[in-house]
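*Asks:* Sharing a structure below in structure tokens format, with a few things to ask.
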Amino acid sequence: MNVFRLLGDISHLLAIIILLLKIWKTRSCAGISGRSQVLFAVVYTARYLDLFTSYISAYNSIMKLVFLAASYGTIYLMFIKFKASYDHNHDTFRIEFLILPCVLLSLLINHEFSPLEILWTFSIYLESVAILPQLFMVSKTGEAESITSHYLFALGSYRALYILNWIYRYYAESHYDVIAIVAGIVQTVLYCDFFYLYITKGIYGQ
Amino acid sequence: KSTPSSHDEL
């Protein structure tokens, strides 16, 4: 563990908590893409199956459970509890165009052709594009509540911090994972436009 | 090089 990865995990946890609070407090999921949230739940489910097979640390196991619970909790809030506030009309990104290529790519490019490893690779590829429906929805509605933009800023920062973690691990532990690094860079680049808007003029209330 | 068992990141 290093400070970049710890800050990244905290930023990730913060993003998920901000989202849950936003939906719970405002009792509305307006402006939030349910499709992205479904993709995140798929990402964590596919990636954290190793919860039952390999124990890394208490921190690792607890955080995996928190991310899984939070992502399914968000889906429950969006599609069941506050279903009426879900904005179907603006959440239209075709997620099958994201899932299928990631499935194919994970079968073609992976570290090992084993079920758990293919699922891990699929989750890495899918996570890199999982935010697209949300960014698409924000661009379509032309604005985002301030709380939603803070959520996106924290979520985008988490993988940017992970890039610093990978640089650190390369030099300090000569450990690197090309698949995670390339996907992480793609994921962070997708936020660049949003980061620019968030930092220059706070995209909410436009 | 990361191997299946060594995915120690979230």
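Residue numbers (the numbering used here), protein chains in the order written: chain A, 1 to 206; chain B, 1001 to 1010. Glycine is no exception: its CB is placed at the ideal position from the N, C-alpha and C atoms. Since we're looking at a predicted model, the values are computed, not measured.
Determine the extent of the alpha helix (DSSP H) in which Lys81 of chain A is found, giving its start and end residues.
*Replies:* Counted from its first residue, the first sequence places residue 81 of chain A at position 81. Careful: Lys81 of chain A lies outside any alpha helix (DSSP H) and carries neither H nor E.
*Asks:* Taking any Cβ of chain B, which residues in the stretch 147-172 of chain A have a Cβ under 7 angstroms from it, in chain order?
*Replies:* Residues: none.
*Asks:* In whole angstroms, what separates the C-alpha of Glu145 of chain A from that of Ser114 of chain A?
*Replies:* Here residue 145 of chain A refers to the residue found at position 145 of the first sequence. Here residue 114 of chain A refers to the residue found at position 114 of the first sequence. So the two alpha carbons sit approximately 42 angstroms from each other.
*Asks:* Given Ala15 of chain A, which residues of its chain have a CB within under 7 angstroms of its CB, disregarding the five upstream and five downstream residues?
*Replies:* Residue numbering aside, residue 15 of chain A sits at position 15 when the first sequence is read from its first letter. Within the same chain, Ala15 of chain A has close Cβ partners Tyr151, Ala154, Leu155 and Tyr158.
*Asks:* What whole-angstrom Cβ distance do Leu10 of chain A and Phe82 of chain A have, given they're in contact under 8 angstroms?
*Replies:* One-based indexing of the first sequence puts residue 10 of chain A at position 10. One-based indexing of the first sequence puts residue 82 of chain A at position 82. With the sequence shown as reference, residue 10 of chain A is identified as Ile, and Leu is not the correct amino acid for it. Incorrect: roughly 27 angstroms between the Cβ atoms, too far for contact.
*Asks:* Cα separation between Val112 of chain A and Ile95 of chain A?
*Replies:* Sequence index remark: in the first sequence, residue 112 of chain A carries index 112 (1-based). Sequence index remark: in the first sequence, residue 95 of chain A carries index 95 (1-based). Rather than Val, the amino acid found at residue 112 of chain A in this sequence is Glu. Cα-Cα distance, rounded: 26 angstroms.
*Asks:* Any Cβ of chain B within less than 8 angstroms of the Cβ of Phe40 of chain A?
*Replies:* Position 40 of the first sequence, counted from the first residue, corresponds to residue 40 of chain A. Not closer than 8 angstroms to any Cβ of chain B, the Cβ of Phe40 of chain A fails to qualify, so no.
*Asks:* Contact between the stretch 33-50 of chain A and the stretch 175-194 of chain A is defined here as three or more beta-carbon pairs at a separation below 8 angstroms; is this criterion met?
*Replies:* Segments in contact, no.
*Asks:* Please confirm whether Val186 of chain A and Ser128 of chain A have their CB atoms less than 8 angstroms apart.
*Replies:* Residue 186 of chain A sits at position 186 when you count from the first residue of the first sequence. Residue 128 of chain A sits at position 128 when you count from the first residue of the first sequence. Yes, these two residues count as a Cβ contact at 8 angstroms.
*Asks:* From the DSSP output, in three-state form, read off Arg159 of chain A for me.
*Replies:* To locate residue 159 of chain A, count along the first sequence from 1; it is residue 159. Three-state DSSP puts Arg159 of chain A in a helix.
*Asks:* Taking the Cβ atom as the reference point for each residue, do Asp50 of chain A and Leu116 of chain A lie within a distance shorter than 8 angstroms?
*Replies:* Residue mapping note: residue 50 of chain A aligns to position 50 of the first sequence, counting from 1. Residue mapping note: residue 116 of chain A aligns to position 116 of the first sequence, counting from 1. Yes.
*Asks:* Looking at Asn2 of chain A: is its Cβ nearer than 8 angstroms to the Cβ of Asn165 of chain A?
*Replies:* Here the question's residue 2 of chain A lines up with position 2 in the first sequence. Here the question's residue 165 of chain A lines up with position 165 in the first sequence. Result yes, Cβ atoms of Asn2 of chain A and Asn165 of chain A sit closer than 8 angstroms.
*Asks:* To be precise: take each residue of the stretch 59-72 of chain A, compare its Cβ to all Cβ atoms of chain B, and keep it if any distance is under 8 angstroms. Which residues remain?
*Replies:* Flagged, chain order: Asn60, Met63, Lys64 and Phe67.
*Asks:* What did DSSP end up calling His175 of chain A once you bin it into helix, strand or coil?
*Replies:* Residue numbering aside, residue 175 of chain A sits at position 175 when the first sequence is read from its first letter. Note: His175 of chain A maps to coil in three-state DSSP.
*Asks:* Roughly how many angstroms separate the alpha carbons of Gln206 of chain A and Tyr125 of chain A, rounded to a whole number?
*Replies:* If you number the first sequence from 1, residue 206 of chain A lands on position 206. If you number the first sequence from 1, residue 125 of chain A lands on position 125. For Gln206 of chain A, the predicted model reports a pLDDT of 46, less than 50, meaning its position is unreliable; a value from the coordinates is still stated below. Each residue's alpha carbon lies about 32 angstroms from the other.
*Asks:* Please state the DSSP three-state secondary structure of Ala130 of chain A.
*Replies:* Counted from its first residue, the first sequence places residue 130 of chain A at position 130. Coil.
*Asks:* Return helix, strand or coil for Thr74 of chain A, following the three-state DSSP convention.
*Replies:* Here residue 74 of chain A corresponds to residue number 74 of the first sequence, with the count starting at 1. Three-state result, Thr74 of chain A: helix.
*Asks:* What whole-angstrom Cβ distance do Phe93 of chain A and Tyr86 of chain A have, given they're in contact under 8 angstroms?
*Replies:* As a working mapping, residue 93 of chain A is identified with position 93 in the first sequence. As a working mapping, residue 86 of chain A is identified with position 86 in the first sequence. Contact doesn't hold; Cβ gap of about 14 angstroms is too wide.
*Asks:* Closest Cβ-Cβ distance between Gln206 of chain A and chain B: below 8 angstroms?
*Replies:* In the first sequence, residue 206 of chain A corresponds to position 206, counting from 1. Here Gln206 of chain A scores only 46 on pLDDT, less than 50, and its place in the model is too uncertain to base an answer on.
*Asks:* If we call anything under 8 angstroms between Cβ atoms a contact, is Thr45 of chain A one with Leu68 of chain A?
*Replies:* In the first sequence, counting from the first residue as 1, residue 45 of chain A sits at position 45. In the first sequence, counting from the first residue as 1, residue 68 of chain A sits at position 68. A contact, by the Cβ cut-off of 8 angstroms.
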